[in-house]
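Residue numbers (the working numbering): 2 to 532.
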């Protein structure tokens, strides 16, 4: 990153600079709540849990306590720590059972799409192991927002309005999220009292407040009434797992990701391929950059879809996929003047999530992502607890031969990925890019923008995006028609995004100057703030 970046102040936002602590989230109220925690002495983990709890109330289309999370935590001294907070399939689930029921594909708005929510167990484990404040205090701002209400911001209102059909399909969801028979609009207040009471209970009892007693009973009863295989024993058995992040070296930095069942490894494969090219500013045309990212992405996503699964159930050849030989092999098939056929993914699209990052005065750094999967998850809400449930089970296959076939106690394939950039054993930048399948390409592109082009985090986030997926290379509108025509001549099928593409947050830690530099997604409502 350039030490003194020069930017056009007529375009986009400025990066945020601070000294003692910084938070970047997808919603201003979450950023403020987390910053309050830092300012009164909490550490980065305390602030992150406060922010994610708040987002689970005020950004309900993207995340919630009925979903999952992944986290990378890098303490001020020591190696990065990964936490896999993804939920598992019910113990009774099997390919054979679904086939016997005539089910060949898990559909979104069914109980079979609901895996056991993993987020709350993960939050409780992180608070106990790495936080400094009582869980009840960390969740209090979210409880207040749920019980007293919150004002809808533009992006939240836009996404909410686009989900009316799903929200109308379940009477409990309709009651909770379509007051007066419609989606609340920009500037209107929405309350979630049942959800607030559940968060209050979790603050008092910890994980037992969710995985045992009345909340678990409410969720299980709802799912069983719809034909689900869930039991209270499945909730009692849910446990987040600490994992060692996988990593690769790029331009002298270490890029860390959570290993499969998530797709973070895909970003590392892409970076390994890009490492063989000069991507410094001015070295290539913009069309060349987009082409290389597309071709590296296609190769990496094919490997993702072929091999990635829950490693307790399937062997994932991580060492081979990250090897120099693998990157050389991929580069050997890339031609600058010709596009390879696109990868066609036969799973489900992943669109909605939320990501945040925090760095505190001691330079503890947290990279945190939490999701319901699709917008408002499965669209199924437990009536008494107000918990809207994820649809992560759609990441499973009803296929005896596939690594991600559904099995009891298994975690599905996940797209949500937090990232951490390291140098000389210290965290340099927690970062993340929302946007479903786009996330791995987004990670690689963000890192390249910063390390190759010299962008600050805000500049890197704001650059126009592209994504080669399902046989089409989609471009954001700021990418001109001359570039699109160049790419088309190489054989790319060009399309344009009709909605904002992904979202990102990042905080650069300038250890030499003692400065934090934050960026936040212009395509969403959030911001980076420090003090």
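Virtual Cβ for every residue (Gly too), placed ideally from N, Cα, C.
Nearest to residue i (by Cα), restricted to the options the options
| i | options | result |
| --- | --- | --- |
| residue 298 | 280, 320, 275, 310 | 275 |
| residue 316 | 272, 238, 261 | 261 |
| residue 472 | 296, 325, 513, 86 | 296 |
| residue 232 | 240, 242, 218, 29 | 218 |
| residue 192 | 324, 35, 144, 506 | 144 |
| residue 187 | 156, 172, 213 | 156 |
| residue 269 | 321, 62, 406, 282 | 321 |
| residue 461 | 423, 446, 73, 363 | 446 |
| residue 375 | 13, 110, 279 | 110 |
| residue 505 | 417, 408, 122 | 417 |
| residue 98 | 407, 147, 249 | 407 |
| residue 448 | 80, 389, 492, 254 | 254 |
| residue 136 | 495, 166, 428, 209 | 209 |
| residue 384 | 452, 176, 327 | 176 |
| residue 532 | 426, 14, 35, 481 | 35 |
Residue range of the alpha helix (DSSP H) that includes residue i
| i | result |
| --- | --- |
| residue 424 | Where residue 424 is concerned, there is no enclosing alpha helix (DSSP H), although the beta strand (DSSP E) it sits in stretches over 419–424. |
| residue 226 | 214–226 |
| residue 289 | 287–308 |
| residue 267 | 265–275 |
| residue 332 | 325–333 |
| residue 319 | 319–322 |
Boundaries (first-last residue) of the beta strand (DSSP E) holding residue i
| i | result |
| --- | --- |
| residue 359 | 353–360 |
| residue 17 | 17–19 |
| residue 25 | 23–26 |
Reduced DSSP category for residue i - H, G, I as helix; E, B as strand; rest coil
| i | result |
| --- | --- |
| residue 180 | helix |
| residue 190 | strand |
| residue 373 | strand |
| residue 428 | strand |
| residue 40 | helix |
| residue 405 | coil |
| residue 313 | coil |
| residue 209 | helix |
| residue 441 | helix |
| residue 46 | helix |
| residue 197 | helix |
| residue 390 | strand |
| residue 382 | strand |
| residue 31 | helix |
| residue 396 | helix |
Between the CA atoms of residue j and residue i - distance to the nearest angstrom
| i | j | result |
| --- | --- | --- |
| residue 236 | residue 469 | 38 Å |
| residue 291 | residue 490 | 13 Å |
| residue 105 | residue 229 | 16 Å |
| residue 130 | residue 225 | 34 Å |
| residue 329 | residue 306 | 20 Å |
| residue 39 | residue 25 | 13 Å |
| residue 21 | residue 43 | 12 Å |
| residue 442 | residue 294 | 7 Å |
| residue 349 | residue 202 | Reliability fails at residue 349, whose pLDDT of 47 lies under 50, so the model's placement of it is uncertain and the value that follows must be treated cautiously. If you take the alpha carbons of residue 349 and residue 202, they lie about 34 Å apart. |
| residue 265 | residue 332 | 20 Å |
| residue 288 | residue 484 | 5 Å |
| residue 138 | residue 95 | 41 Å |
| residue 396 | residue 513 | 43 Å |
| residue 365 | residue 77 | 5 Å |
| residue 85 | residue 126 | 11 Å |
| residue 479 | residue 466 | 9 Å |
beta-carbon residue i near the ligand HEM non-hydrogen atom, thresh 7 Å
| i | result |
| --- | --- |
| residue 162 | Annotation note on the ligand HEM: not contained in the displayed structure, which lists no ligands. |
Run through the region 444–530 for me and flag every whole beta strand (DSSP E) of 3 or more residues, listed as ranges in chain order.
467–470, 473–476, 495–497, 504–511, 516–521
Any beta strand (DSSP E) of 3 or more consecutive residues that is wholly inside the region 51–86:
69–75, 82–86
Taking the runs of the alpha helix (DSSP H) that are 4 residues or longer, which of them lie wholly in the region 91–178?
96–101, 120–131, 136–149, 155–162, 165–168, 172–178
Could you give the uninterrupted runs of the beta strand (DSSP E) lying entirely in the region 232–263, keeping only those of 3 residues or more?
Taken in chain order, the complete beta strand (DSSP E) segments of 3 or more residues contained in the region 232–263 are 242–244, 247–251, 254–258.
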